[in-house]
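Please read the structure below before turning to the comments.
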Amino acid sequence: MRAIEQVSAMQAWSREARRRDGARIALVPTMGALHDGHLSLVEIARRHADVVVTSVFVNPMQFDRADDFARYPRDLEHDGGLLAAAGVDVLFAPDAKEMYPDAAETVVTVDRLSEPLCGAHRPGHFRGVATVVLKLFNIVQPHVAVFGEKDYQQLALIRRMVRDLHLDIDVVGAPIVREADGLAMSSRNRHLDRDERAAATCLARALGAAEECVAAGERDAAAIVAAATAELAREPRARVEYVAAVHPETLRPLVRLRQLTVPAVHRERRSA
Numbered sequence: 010m011r012a013i014e015q016v017s018a019m020q021a022w023s024r025e026a027r028r029r030d031g032a033r034i035a036l037v038p039t040m041g042a043l044h045d046g047h048l049s050l051v052e053i054a055r056r057h058a059d060v061v062v063t064s065v066f067v068n069p070m071q072f073d074r075a076d077d078f079a080r081y082p083r084d085l086e087h088d089g090g091l092l093a094a095a096g097v098d099v100l101f102a103p104d105a106k107e108m109y110p111d112a113a114e115t116v117v118t119v120d121r122l123s124e125p126l127c128g129a130h131r132p133g134h135f136r137g138v139a140t141v142v143l144k145l146f147n148i149v150q151p152h153v154a155v156f157g158e159k160d161y162q163q164l165a166l167i168r169r170m171v172r173d174l175h176l177d178i179d180v181v182g183a184p185i186v187r188e189a190d191g192l193a194m195s196s197r198n199r200h201l202d203r204d205e206r207a208a209a210t211c212l213a214r215a216l217g218a219a220e221e222c223v224a225a226g227e228r229d230a231a232a233i234v235a236a237a238t239a240e241l242a243r244e245p246r247a248r249v250e251y252v253a254a255v256h257p258e259t260l261r262p263l264v265r266l267r268q269l270t271v272p273a274v275h276r277e278r279r280s281a
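Here the numbering used here is used: the first residue of the sequence shown is 10, the next is one more, and so on.
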C-alpha cells in the first residue's frame, strides 16, 4: 500500500493510474479511527473497481465545536495497518494545510438537504461535509465512491451534489455494520463509558420497535414514529433530538409509509 500526503502527489497518482492502466478507481473517504464498518466499505469498493483509495482526514470544517474536533480519535498508524491488510492500494492522508491552503474561501452547500434532521442541530456541518467530499472527488478523480448508510443524511446529500454538479461518479451506499447488541459501529463509540455504551443500544431497540409496527401492517408514519419514540423514552440517559420517517431522497417527512422510507433516529448522551 502506498501512503500519500500531498494533494499534488495524489492527483498525479490518479492521472497515471487512469492513463497507463485504464484503472477504475474507488474512493472510500473516512476520518480515521477505523473499525469493521469502515473495512466493509473497502470490501465493497474492491468489488466495484480495480484500485481502492482510502482517505483519512479529520475535517475541521464539519465540526461546529472546537472541543469536539480536538477529541475526535486519531491513530493513523493503526489505521494504515488495517487498510494495508484489507488490500487498499493508496492511503491518502493529507493535513488541514494541504486541504485548505491560503485561507480558502470557496464552500459547497446543498441547501435543502442540509437543513433538517442532524442539520438542524449541527450548524454548518453539512457544508463542511459537502466541501471536503467535493475536494476529495477532484483530487482522487474516482469512478466510484463508497459511503456508509449509517450517516444517511450525508449519503443523500452527496448523491444530490453529484447529480446537481454532473459529476461522473457512482455513489454506492453500504449497509450499516452493527455490534452484536445492535449498536451501529462508530468511531465515536470509544468515547462512551460502560453505562453510556449500554444506554446507546436504545437506538437499535427503537428502530426495532418501528420495524415491528411496519411488519404488523402499520403505515401511518406518526404511529410508527411514536412507537420508536416510546422505546427511546424508556432509557433515562437518552435525550432525543429527533425521530422521523422520511423520503430516502428528499428527506421530507412522510404521512404514510410506502416501500422506500428511511427511519431517522438521533439521540444525544444525557449525563448521569
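Think of the CB as a built atom: it goes at the ideal place given N, C-alpha and C, for glycine as much as any other residue. Since the structure is predicted, the reported quantities are computational estimates derived from the model, not experimental observations.
* Asked: Just how far apart, CA to CA, sit A207 and L201?
  -> In the sequence shown, the residue the question calls residue 207 occupies position 198. In the sequence shown, the residue the question calls residue 201 occupies position 192. Going from the Cα of A207 to the Cα of L201 covers about 9 Å.
* Y161 to E250 span [Cα, whole Å] -> Counting from 1 along the sequence shown, the entry for residue 161 is found at position 152. Counting from 1 along the sequence shown, the entry for residue 250 is found at position 241. If I take the Cα positions, the gap works out to 16 Å.
* To do: Report the partner residues of L100 according to the DSSP bridge assignment.
  => To locate residue 100, count along the sequence shown from 1; it is residue 91. Partner(s): A12 and T63.
* Going by the CB atoms, is the gap between D59 and A93 shorter than 9 Å? -> Residue 93 sits at position 84 when you count from the first residue of the sequence shown. Residue 59 sits at position 50 when you count from the first residue of the sequence shown. For A93 and D59, no; Cβs fall outside 9 Å.
* Hey, quick one: how far does the beta strand (DSSP E) through R228 stretch, first residue to last? -> In the sequence shown, the residue the question calls residue 228 occupies position 219. Here R228 belongs to no beta strand (DSSP E), and DSSP marks it neither H nor E.
* Can you tell me which of the three DSSP states G41 falls into? => For the purposes of this step, residue 41 is identified with residue 32 of the sequence shown, where counting begins at 1. Reduced to three states, the DSSP call for G41 is coil.
* How long is the line joining the alpha carbons of A154 and T140, rounded to whole angstroms? -> Taking the first residue of the sequence shown as position 1, residue 154 is located at position 145. Taking the first residue of the sequence shown as position 1, residue 140 is located at position 131. Roughly 15 Å between the two C-alpha positions.
* **the stretch 250-265 contacting the stretch 126-133, beta-carbon criterion three pairs below 8 Å** => yes
* To do: State yes or no: is the C-beta of C211 within less than 9 Å of the C-beta of A247?
  => The residue given as residue 211 occupies position 202 in the sequence shown. The residue given as residue 247 occupies position 238 in the sequence shown. Yes.
* When you compare each of R11, L192, S17 and R265 to D98 by their alpha carbons, which one comes out closest? -> Stepping through the sequence shown from its first residue, residue 98 is reached at position 89. That would be R11, whose Cα lies nearest to the Cα of D98.
* Asked: Going along the chain, which residues of its own chain have a beta-carbon closer than 7 Å to the beta-carbon of A105, five neighbours each way excluded?
  -> Reading the sequence shown from its first residue, position 96 is the one you call residue 105. Answer for A105: P69, listed in chain order.
* If you compare alpha carbons, which of A209, R265, A193 and R187 is closest to D232? -> Here residue 232 refers to the residue found at position 223 of the sequence shown. As written in the sequence, residue 232 is Ala, which differs from the Asp given in the question. Of the candidates A209, R265, A193 and R187, the one whose C-alpha sits nearest the C-alpha of A232 is R265.
* F135, enclosing alpha helix (DSSP H) - first and last residue -> As a position in the sequence shown, residue 135 is number 126, starting the count at 1. Unbroken alpha helix (DSSP H) run through F135: H134 to V149.
* Asked: Out of R74, A42 and M108, which has the shortest C-alpha to C-alpha gap to I13?
  -> Taking the sequence shown and counting its residues from 1, the one referred to as residue 13 is at position 4. Closest by alpha carbon: M108.
* Asked: Taking the continuous beta strand (DSSP E) assigned at A247, which residues delimit it?
  -> Looking up residue 247 in the sequence shown gives position 238. Note, A247: beta strand (DSSP E), A247 to V255.
* Asked: Going by beta carbon distance, what residues of the same chain come within less than 6 Å of L36, once the five residues before and after it are set aside?
  -> As a position in the sequence shown, residue 36 is number 27, starting the count at 1. Here the set comprises V62, V149, P151 and A154.
* Could you tell me whether the stretch 39-52 touches the stretch 166-175, using the rule of 3 or more Cβ pairs below 8 Å? => no
* **Sequence-distant residues of its chain with Cβ nearer than 7 Å to P82 (five each side left out)** => The residue you call residue 82 lines up with position 73 of the sequence shown. Counting only Cβ-Cβ distances below 7 Å, and skipping sequence neighbours, we find A42, S196 and R199.
* Identify whether R267 lies in helix, strand or coil by the three-state DSSP scheme. => Locating residue 267 in the sequence shown gives position 258, counting from the first residue. DSSP places R267 in coil when its eight states are reduced to three.
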